[in-house]
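Peer 1: Each protein sequence line maps, in turn, to chains U and E. In case it helps, the numbering used here puts the first sequence at residues 4 to 379. In case it helps, the numbering used here puts the second sequence at residues 572 to 799. Here you go, one structure.
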Amino acid sequence: MDLDTAAIALNNVTKRFSETGPAAVTELTLGVAESEIVAFVGPSGCGKTTTLRMINRLIEPTEGSIKVLGRDQDALPAHELRRSIGYVIQQIGLFPHHSIRRNIGAVPELLGWDRKRIDERCDELVELVSLDPSLLDRYPAELSGGQQQRVGVARALAADPPILLMDEPYSAVDPIVREHLQDELLTLQERVHKTIVIVTHDVDEAIRLADRVAIFNIGGIVEQYDRPAAILRAPANQFVASFLGRERGLRQLALLTVNDLTTIAGPTATLTTPVASARQLAAANRVSWVAIGEGQQLLGWVSLHEADARWPDGSGEQATVADLTLQDFVAVVRPDTPVREALDVIVTSSSQMAAVVDDDTFTGFITISQIAGGLD
Amino acid sequence: MSAIGDVWSFLTTGSNWTGSSGIWTRSMAHLWISLVATTLAAAVSLPAAIWLGHRRLAPVLSVGIANLGRAIPSFAVIALVLPISISLGFGLGFWPTCVALVALGIPPIFTNTYAGIVGTPADSTEAARAIGMTERQLLRRVEIPSALPFIMTGLRISTVQIIATATLGALVGYQCLGSFVIEGLAQPSRARDRLLTGALLVAAMAMFVDYLFNRAEARLIPWRRTVR
């Protein structure tokens, strides 16, 4: 990342909390590109939160410089800098004595907007983060964890800051809500295009959300900073590899879609195919069924066990697959299905293959070997 | 006659209500000294507690010093201040009593306010700084409102204690509801009407003020009503 064009540029930044102790962050140089989501991920004590908090000067760096949108960070008083940087914390930190409306409007209020403009903005934000507008006049204690989290995001976005910092934003909500909120963030980002830095200890969250991931080691040392797929494919060193864990291959699958794989024709017959040829086709694919296609459409499949049962003496050579019972194909994936999900479809089906169908167009089959091939 | 009968007949005798030593005049004097003492106690302890609390300064020391006021008997304070007040020309009665009441009123306000400010949820103060509040805005918009329930509790405890203790003023010649108690002591031992009426009126006044505080709290702290 070129530091000169970066939205956030940390140049040789060191933070020591005591004169004698080890540095929390050591000579860190890192740039965050505009409109990208960057995740800082690493074990506890790796300095990822310290680094985040230095960006809006909740913590002052001991050495080095930080530029935000090309401007030296201490060109402004700290509180003014912070008003232009949205911030979401793990504990959310809503003001319990203020209504939701006032919580969301907190920064505009500090910036001196008039009441009407703040109210309009609140209405907009409530819609943006998918909150029920009737909650605006409630107090934080009346809201669920997920709702409070959305309010936290709305508050951070209220004054439309170009930059958003998020410190473990989803660790206080349960896994199902978390996944939902992560999806919402991605949808939101498509509309708002903020430069987002998100701190997390959850590798999956980082991979899921971020355009780039920085893997932190103890002492605020960045071991690798790259796109998630690149990190998963080629971890820079042992630390990164072990941090990504044994499921590295599976995590990579989450980033790929069926579209990234090469499909095979598989045992595909038409209604006029004789049973004898269908048998050969199935044998070549080491399955006991054939799929029936017609033009671009997948009609279903027939079982050759059924053929064996109907003509146990080997007769029925005149028959075609149309004489067998056509059954619906269950193991179907779409081109945009994540490969991880497609793998699940394959291993839980009896067909050992998944049919790739885009709307009504059947494009072929994938098997486990196509998935393995996709991981290169 | 029963105690209730004694009080009833005292209260229903019209002449007991009027005049310079009647119930009205003494009640007003009692309220007045309580109001002055509470205001002074709040004026001293609120700013100090808010500032020390915001800076998270000297928790043990500040609370300890404030609690001294609670440990010294109010009667002793009156006795100590009386000669000073006289020699400074403030006279007896009002000011010696008032000083003792202020000393009594400071600790509840100070300790509650301090605890309320310090007890502001850490995530609220962090969020407040992170969204760009100055220290003054943090104090005014987050810490003080968040401490408001505690501040109200402190004020209420102080006021109630001050009203109850203002009775002592009668000992140094301040005409208040305590004067009925003193006069009652001087009566023959079978006549309890003045003593009991004085005590009851003080208790009624204290409870009424307590009730007013309850009402005010419900209005001032709407977010408490809705906490599930």
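C-beta atoms are modelled at their ideal positions from N, C-alpha and C, and glycine is treated no differently.
#1: Run through DSSP, which three-state label would Gly155(U) get?
#2: Taking Asp361(U) as the reference, which of Gly376(U), Gln300(U), Ser306(U) and Ile371(U) has the closest Cα?
#3: Under a CB-based cut-off of 8 angstroms, is Tyr90(U) close to chain E?
#4: Can you tell me which residues form a DSSP beta bridge with Val215(U)?
#5: Going by C-alpha distance, which of Met704(E), Thr682(E), Ile677(E) and Ser750(E) is nearest Ala614(E)?
#6: Using alpha carbons as the reference points, say which of Leu264(U), Asn288(U) and Ser68(U) lies closest to Ala272(U).
#7: With DSSP run on the structure shown, which of helix, strand or coil describes Asn288(U)?
#8: Please check if any C-beta of chain E sits within less than 8 angstroms of the C-beta of Glu83(U).
#9: When you compare the CB of Asn240(U) with every CB in chain E, is at least one pair closer than 8 angstroms?
#10: Should Ile702(E) be flagged as near chain U, meaning a C-beta pair shorter than 8 angstroms?
#11: Please name the residue in Arg727(E), Phe665(E), Phe646(E) and Leu719(E) whose C-alpha comes closest to that of Leu783(E).
#12: Measure from the C-beta of Ala109(U) to each C-beta in chain E and report whether the shortest distance is under 8 angstroms.
#13: Please report the distance separating the alpha-carbon of Asp347(U) from that of Tyr90(U).
#14: Helix, strand or coil for Thr797(E)? Go by DSSP, reduced to three states.
#15: So, at 7 angstroms on beta carbons, what are the nonlocal neighbours of Arg56(U) in its own chain, with the 5 sequence-adjacent residues on each side left out?
#16: Kindly list, in the order they appear in chain U, the residues whose Cβ is closer than 7 angstroms to that of Glu697(E).
#17: Against chain E, does Leu235(U) count as a neighbour if the rule is that its beta carbon must be under 8 angstroms from one of theirs?
#18: Just to confirm, are Gly50(U) and Asn15(U) a CB contact at a threshold of 8 angstroms?
#19: At 7 angstroms on the CB atoms, spell out the chain E contacts of Leu6(U), in chain order.
#20: With 16 other CB atoms within 10 Å as the buried threshold, where does Trp304(U) fall?
#21: Can the beta-carbon of Ala42(U) be found less than 8 angstroms from the beta-carbon of Ala209(U)?
#22: Note down the Cα distance separating Thr589(E) from Trp794(E), rounded to an integer number of angstroms.
#23: Below 8 angstroms, how does it come out for the region 694-702 of chain E and the region 650-665 of chain E: are there three or more Cβ pairs, yes or no?
#24: Whose CA, out of Leu97(U), Gln94(U) and Gln76(U), lies closest to the CA of Ile88(U)?
#25: Measure the beta-carbon distance from Pro111(U) to Ile121(U) and round it to whole angstroms, keeping in mind my assumption that it falls under 8 angstroms.
#26: Which residues bound the alpha helix (DSSP H) around Ala345(U)?
#27: List the residues of chain U that Thr705(E) touches, going by C-beta distances under 8 angstroms, in chain order.
#28: Nearest to Gly367(U) by alpha carbon, out of Ser306(U), Gly298(U), Ile95(U) and Glu309(U)?
#29: Find the nearest neighbour of Val243(U) within the set Leu188(U), Pro338(U), Gly45(U) and His196(U), judged by alpha-carbon distance.
#30: So does the region 670-684 of chain E actually touch the region 618-632 of chain E, counting three or more Cβ pairs closer than 8 angstroms?
#31: Say whether the region 336-347 of chain U touches the region 259-270 of chain U, bearing in mind that this needs 3 or more beta-carbon pairs closer than 8 angstroms, one atom from each stretch.
#32: Mark Leu772(E) as exposed unless 16 or more other C-beta atoms lie within 10 angstroms of its C-beta, in which case mark it buried.
#33: Please state whether the Cβ-Cβ distance between Val278(U) and Ala322(U) is less than 8 angstroms.
#34: Suppose you measure from the CA of Arg799(E) to the CA of Leu632(E); what does that come to, to the nearest Å?
#35: Would you call the CB atoms of Ala674(E) and Ile643(E) closer than 8 angstroms?
#36: Find the residues of chain E that neighbour Arg74(U), judging by a C-beta separation of less than 7 angstroms, and give them in chain order.
Peer 2: Taking the geometry as given:
#1: The count along the first sequence starts at 1 and reaches residue 155(U) at position 152. Gly155(U) falls in the helix class under three-state DSSP.
#2: As a first step, residue 361(U) is located in the first sequence; it is residue number 358 there, counting from the start. It is Gln300(U).
#3: Working through the first sequence from its first residue, we reach residue 90(U) at position 87. The Cβ of Tyr90(U) sits closer than 8 angstroms to at least one Cβ of chain E.
#4: By one-based count along the first sequence, residue 215(U) stands at place 212. The sequence shown places Arg at residue 215(U), not Val. DSSP lists Val41(U) as partners of Arg215(U).
#5: Residue mapping note: residue 614(E) aligns to position 43 of the second sequence, counting from 1. Comparing alpha-carbon positions, the option among Met704(E), Thr682(E), Ile677(E) and Ser750(E) lying closest to Ala614(E) turns out to be Ile677(E).
#6: Start at 1 with the first residue of the first sequence, and residue 272(U) comes out as number 269. Closest by alpha carbon: Asn288(U).
#7: Sequence index remark: in the first sequence, residue 288(U) carries index 285 (1-based). Reduced to three states, the DSSP call for Asn288(U) is coil.
#8: In the first sequence, counting from the first residue as 1, residue 83(U) sits at position 80. With 8 angstroms as the cut-off, Glu83(U) counts as an interface residue toward chain E.
#9: As a first step, residue 240(U) is located in the first sequence; it is residue number 237 there, counting from the start. For Asn240(U), the answer is no, since every Cβ of chain E falls outside 8 angstroms of its Cβ.
#10: Residue 702(E) sits at position 131 when you count from the first residue of the second sequence. By this cut-off, Ile702(E) is an interface position.
#11: The residue you call residue 783(E) lines up with position 212 of the second sequence. Of Arg727(E), Phe665(E), Phe646(E) and Leu719(E), the residue nearest in Cα terms is Arg727(E).
#12: Here residue 109(U) is taken as the residue at index 106 of the first sequence, counted from 1. Taking Cβ atoms only, chain E reaches closer than 8 angstroms to Ala109(U), which makes this a yes.
#13: Position 344 of the first sequence, counted from the start, is the residue given in the question as residue 347(U). Position 87 of the first sequence, counted from the start, is the residue given in the question as residue 90(U). One Cα belongs to Asp347(U), the other to Tyr90(U), and the distance between them is close to 37 angstroms.
#14: Mapped onto the second sequence, residue 797(E) falls at position 226. Its pLDDT being 46, under 50, Thr797(E) is placed unreliably by the model, and nothing is read from it.
#15: The residue you call residue 56(U) lines up with position 53 of the first sequence. Ile62, listed in sequence order.
#16: In the second sequence, the residue the question calls residue 697(E) occupies position 126. What Glu697(E) touches in chain U: Ile92 and Gly96.
#17: Mapped onto the first sequence, residue 235(U) falls at position 232. Not an interface residue.
#18: Taking the first sequence and counting its residues from 1, the one referred to as residue 50(U) is at position 47. Taking the first sequence and counting its residues from 1, the one referred to as residue 15(U) is at position 12. In this structure, Asn15(U) does not lie closer than 8 angstroms to Gly50(U) by Cβ.
#19: Looking up residue 6(U) in the first sequence gives position 3. Near Leu6(U) there are no residues of chain E at all, since even the closest Cβ is about 25 angstroms away, more than 7 angstroms.
#20: As a working mapping, residue 304(U) is identified with position 301 in the first sequence. Label assigned to Trp304(U): buried.
#21: Within the first sequence, residue 42(U) is the residue found at index 39, counting from 1. Within the first sequence, residue 209(U) is the residue found at index 206, counting from 1. Yes, the pair counts as a contact, with Cβ atoms nearer than the cut-off.
#22: The residue labelled residue 589(E) in the question sits at position 18 within the second sequence. The residue labelled residue 794(E) in the question sits at position 223 within the second sequence. Cα to Cα, Thr589(E) sits roughly 45 angstroms from Trp794(E).
#23: In short, these stretches do not touch, since the Cβ pair count stays below three.
#24: In the first sequence, the residue the question calls residue 88(U) occupies position 85. Among Leu97(U), Gln94(U) and Gln76(U), the Cα nearest to that of Ile88(U) is on Gln76(U).
#25: Position 108 of the first sequence, counted from the first residue, corresponds to residue 111(U). Position 118 of the first sequence, counted from the first residue, corresponds to residue 121(U). Yes, they are in contact, since the Cβ atoms of Pro111(U) and Ile121(U) sit about 5 angstroms apart, within 8 angstroms.
#26: For this step, residue 345(U) is matched to residue 342 along the first sequence. Residues Val342 to Thr351.
#27: The residue given as residue 705(E) occupies position 134 in the second sequence. Within chain U, the residues near Thr705(E) are His82.
#28: As a first step, residue 367(U) must be located in the first sequence, where it is residue number 364. Closest option to Gly367(U), Cα to Cα, is Gly298(U).
#29: Numbered from its first residue, the first sequence carries residue 243(U) at position 240. Nearest of Leu188(U), Pro338(U), Gly45(U) and His196(U) to Val243(U), Cα basis: Gly45(U).
#30: Under the Cβ criterion (8 angstroms, minimum of three pairs), the region 670-684 of chain E counts as touching the region 618-632 of chain E.
#31: Taking 8 angstroms as the limit for Cβ pairs, the verdict is that the region 259-270 of chain U does touch the region 336-347 of chain U.
#32: Start at 1 with the first residue of the second sequence, and residue 772(E) comes out as number 201. Per the 10 Å Cβ criterion, buried.
#33: In the first sequence, residue 278(U) corresponds to position 275, counting from 1. In the first sequence, residue 322(U) corresponds to position 319, counting from 1. In this structure, Ala322(U) lies closer than 8 angstroms to Val278(U) by Cβ.
#34: Mapped onto the second sequence, residue 799(E) falls at position 228. Mapped onto the second sequence, residue 632(E) falls at position 61. With a pLDDT of only 38 at Arg799(E), under the threshold of 50, the placement of this residue in the model should not be trusted; the figure read from the coordinates follows. Whole-angstrom Cα-Cα distance: 36 angstroms.
#35: The residue given as residue 674(E) occupies position 103 in the second sequence. The residue given as residue 643(E) occupies position 72 in the second sequence. Cβ distance < 8 angstroms, so Ala674(E) and Ile643(E) count as in contact.
#36: Against the first sequence, residue 74(U) aligns to sequence position 71. Result: empty, since nearest Cβ-Cβ is about 16 angstroms, beyond 7 angstroms.
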